[in-house]
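Written below as structure tokens is the structure these notes are about.
Number of protein chains: 2
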Amino acid sequence: MAVTLKDIATKAGVSQAAVSIALGSSGRIAEATRERILKIAQDLGYRPNLLVQGIQTGRTQTIGLLMKFTSGYEAKLFEGIYAGLSARNYAPIVMCPDENGKELEQVHALLDRRVDGVLIRPVADALWEDHLIQIQQRGVPIVALDTEIQAADPHIDFVGTDDHHGAQVLAEHLLELGHRRFGVVSRGVFPDPLFARAQAFIETVGAAPDTTCEERTAGWRDGRYEDNAARALLGMNNRPTAIFGTTDDLADIVAQVAADRGLSIPQDFSLVGFSDTVDLRQVRPVLTTVRQSAFEIARKAATLLLDRINEKHTPGTQRKPRESILYDPELIVRETTAPPPGA
Amino acid sequence: MAVTLKDIATKAGVSQAAVSIALGSSGRIAEATRERILKIAQDLGYRPNLLVQGIQTGRTQTIGLLMKFTSGYEAKLFEGIYAGLSARNYAPIVMCPDENGKELEQVHALLDRRVDGVLIRPVADALWEDHLIQIQQRGVPIVALDTEIQAADPHIDFVGTDDHHGAQVLAEHLLELGHRRFGVVSRGVFPDPLFARAQAFIETVGAAPDTTCEERTAGWRDGRYEDNAARALLGMNNRPTAIFGTTDDLADIVAQVAADRGLSIPQDFSLVGFSDTVDLRQVRPVLTTVRQSAFEIARKAATLLLDRINEKHTPGTQRKPRESILYDPELIVRETTAPPPGA
DNA sequence: CTGAAAGCGCTTACAG
DNA sequence: CTGAAAGCGCTTACAG
């Protein structure tokens, strides 16, 4: 029913191969015939079958995207990815990792559809790594986004935020204001970026003279952070004068607990977050934080993946070494930081 | 390089057709040979090529999803869609409508990849409708999600919230509390659900005796609502005692403007929203609103689409009439509603 | 119950 | 510059 190359060939009085070439595949053809064929194709409303092209050329113009959608942050990431892909006529097939142990099925779902590459936003879950290696063995490039993949062997490209530097910048900002007694509310272990942020912050303030820093871990329940860590920190005899929530959401919880206890920010203590979460910009006082450009990071990751795909299909090109691209977050000083009380 | 049916056939000493049948395509085969073939397929790590299967069977096990990702709400919708699809081994190819007039290209991107169906969350943009008709003409089923499609001809299935009833329930709640002077902050025109909510609210309170209701339209800038409407309403001489933000975000802006002016909620006026946006549950006082189950709606839409696809491929089945499935939102009374001041 | 053949709609060498 | 043929990896009638 759909119009095929054969239909065009018949109408134009040429071979099917000629039509294929005229429409863009490799080979030479006289400019006059090409134009005639193009015209007919257009009149007939011809549309290529990307499935067939995929089989023939080994490229489907489609990538696999492995990520969860839990909040507006992921939505932002997706927008960036989409921008990077659509600029080159690529489309994403999306799979969401869940806890059902279906990782392998999901990888297969992508591979069976012959995606040209895979973009993954890793969840802190080591189970994935074996499957990713499988993908690489099939020659399908992978780029990790936002969280680095820790597997030893496969050199998976990475695009993300410079968590270390971001936390450092926040620590320096607070040190300059005169703070010496710090608190950190964080969560997660090694591969998790929140962990890296906490570490960098603690290191930086620790390097300054006469400082203390208490870290507390926030629980996680019903899809939300718990306020236990904030409570613990604000309930201390010698309360920190500056608190770092390794995520804006975490910082926001600190602010709520503070409000419940009648503490004012930044009069009683200063508070900083990480991410510049849009949804929280409405909360007063507006958080001092560090902005990571989710959109830019995601777009870059998509672009890098497409570069890898091209590289693979360009004969004679040497495969470039693994890339690890870090975006520097930007300090946004707003209403929650000030010199320590009594300073 | 990848193992094919032929490889399995050779190793099993049967024909390629026999292998195809053993692996699931139509036809009969002896149970013994089937098992032998299955075993070999597994040992070899055979994986079907869904592109080829798509060409042969006319089904790619893939649907096209047309929606924007702007906030956590869309993320929630996507989770529901994904749940509906993955339960039946379907995967989504995602396209985000933007303002570039690329609608046709995006539809083609989906159709050229031979998606079995299309799920669309319409944006208030009539441009789409012509293209959707094209999709239907190709015999590809479409289901609209969240916002109804208004085109006359094509009967596109719809799954969404009963906005009318939701707004009605909120209005009744406020009337019962004794309110008579109402305000509405809304946005958008006809196809937009916000419009329907505002209308239903105005109708309901209008049907009660001795009531007034003022509506104001919120502007939209830089991806956020403006507070002009909230300002106008709260600045009135005869300020409403109850205000309806047709979205939780809109209601939140009213709350912010109120805070700036030193007005207390619900002492000075009551406030209701629509959606039960998770991100806003942390803001105090917690909003009285109406909960729409984005996840459920989205999952139902996906399931309905898959049903349509099956229906189409089941010979002899009569095509069922258009469905319009409305989910009743649930009233969640929280901290922002009370009897009017002085009552 | 199983095999041999045709075909899905393209691309890609290979001849002319 | 163009045509005829083979092939991508499957499924589906059609014979046996």
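Same order as they appear, the protein sequences are chains A and B.
Numbering-wise (my numbering), the first sequence opens with residue 1017 and increments by one.
Numbering-wise (my numbering), the second sequence opens with residue 1017 and increments by one.
Cβ atoms here follow ideal geometry from the backbone N, Cα and C, with glycine treated the same way.
- Scanning ALA1310(A), GLU1339(A) and GLY1358(A) for the CA closest to the CA of PHE1094(A) turns up ALA1310(A).
- When DSSP states are grouped into helix, strand and coil, SER1102(B) belongs to the helix group.
- For THR1049(A), the enclosing alpha helix (DSSP H) has its first and last residue at 1047–1060.
- Positions of the beta strand (DSSP E) runs, each at least 3 residues long and wholly inside the stretch 1062–1140 of chain B, are given as 1078–1082, 1107–1111 and 1133–1136 in order along the chain.
- A straight-line Cα-Cα distance of about 46 Å links ASP1179(B) and ILE1071(A).
- Taking 7 Å as the upper bound on Cβ-Cβ separation, chain A lies near residues PHE1085, THR1086, SER1087, GLY1088, GLU1090, ALA1091, PHE1094 and GLU1095 of the stretch 1082–1097 of chain B.
- Rounded to whole angstroms, the gap between the alpha carbons of PRO1301(B) and ARG1240(B) is 21 Å.
- Contact between ILE1165(B) and ASP1132(B) does not hold, since the beta-carbon distance rounds to 19 Å and is not under 8 Å.
- Using a CB distance cut-off of 8 Å, MET1111(A) counts as an interface residue toward chain B.
- Judged by their CB atoms, THR1257(A) and PRO1337(A) are not nearer to each other than the 8 Å cut-off.
- Note on geometry: alpha-carbon atoms of ALA1091(A) and VAL1110(A) lie some 13 Å from one another.
- Comparing alpha carbon positions, the residue from ILE1097(A), GLY1222(A) and ALA1248(A) closest to THR1233(A) is ALA1248(A).
- Cβ-Cβ separation between GLY1182(A) and PRO1345(A): approximately 4 Å, consistent with a contact (criterion under 8 Å).
- Secondary structure note for THR1177(A): its beta strand (DSSP E) is the uninterrupted segment 1173–1177.
- The closest CA to that of LEU1287(A), considering only LEU1342(A), VAL1349(A) and GLU1327(A), is found on VAL1349(A).
- The beta-carbon separation of LEU1320(A) and VAL1159(A), rounded to 5 Å, stays under the 8 Å limit for a contact.
- Only ARG1063, PRO1064, ASN1065, LEU1066, LEU1067, VAL1068, GLY1070 and ILE1071 from the stretch 1056–1072 of chain B bring a Cβ to less than 8 Å from some Cβ of chain A.
- Distance from the CA of GLU1327(B) to the CA of ILE1172(B), rounded to the nearest whole angstrom, comes to 15 Å.
- Residue nearest to LEU1082(A) within the set ALA1034(A), LEU1191(A), ASP1114(A) and THR1293(A) is ASP1114(A) (criterion: CA-CA distance).
- The beta carbon of HIS1329(A) sits no closer than 8 Å to any beta carbon of chain B.
- Under the three-state reduction of DSSP output, ILE1158(A) falls in the strand class.
- Fewer than three beta-carbon pairs drawn from the stretch 1208–1218 of chain B and the stretch 1268–1275 of chain B are found closer than 8 Å, and the two stretches are therefore not classed as touching.
- If the five residues before and after VAL1139(A) are omitted, its C-beta is found closer than 7 Å to the C-beta atoms of LYS1084 and PRO1113, all from its own chain and listed in chain order.
- For THR1078(A), the residues of chain B that pass the 8 Å Cβ criterion are ILE1109 and ARG1129, in the order they occur in the chain.
- Per DSSP, the beta bridge partners of TRP1236(B) are TYR1241(B).
- The continuous stretches of beta strand (DSSP E) do not include VAL1270(A), which lies in the alpha helix (DSSP H) extending over residues 1264–1276.
- Spatial neighbours of TYR1089(A) in its own chain (CB-CB distance under 8 Å, excluding positions within 5 residues in sequence) are listed in chain order as SER1291, THR1293 and ALA1310.
- The Cβ of HIS1124(A) sits closer than 8 Å to at least one Cβ of chain B.
- Each of ARG1255(A), THR1086(A) and ALA1107(A) was checked against the Cα of GLN1122(B), and the nearest Cα belongs to ALA1107(A).
- The bridge partners DSSP lists for ARG1203(A) come to none.
- Between ALA1318(A) and ILE1097(A), the gap from beta carbon to beta carbon is short of 8 Å.
- A residue is called buried once 16 or more other Cβ atoms fall within 10 Å of its Cβ, and PRO1209(A) is buried on that count.
- A residue is called buried when at least 16 other Cβ atoms come within 10 angstroms of its Cβ; PRO1157(B) meets this threshold and is buried.
- In this structure, ASN1105(A) lies away from GLN1069(A), with their beta-carbon atoms at least 8 Å apart.
- According to the DSSP assignment, PHE1290(B) belongs to no beta strand (DSSP E), since it is labelled neither H nor E.
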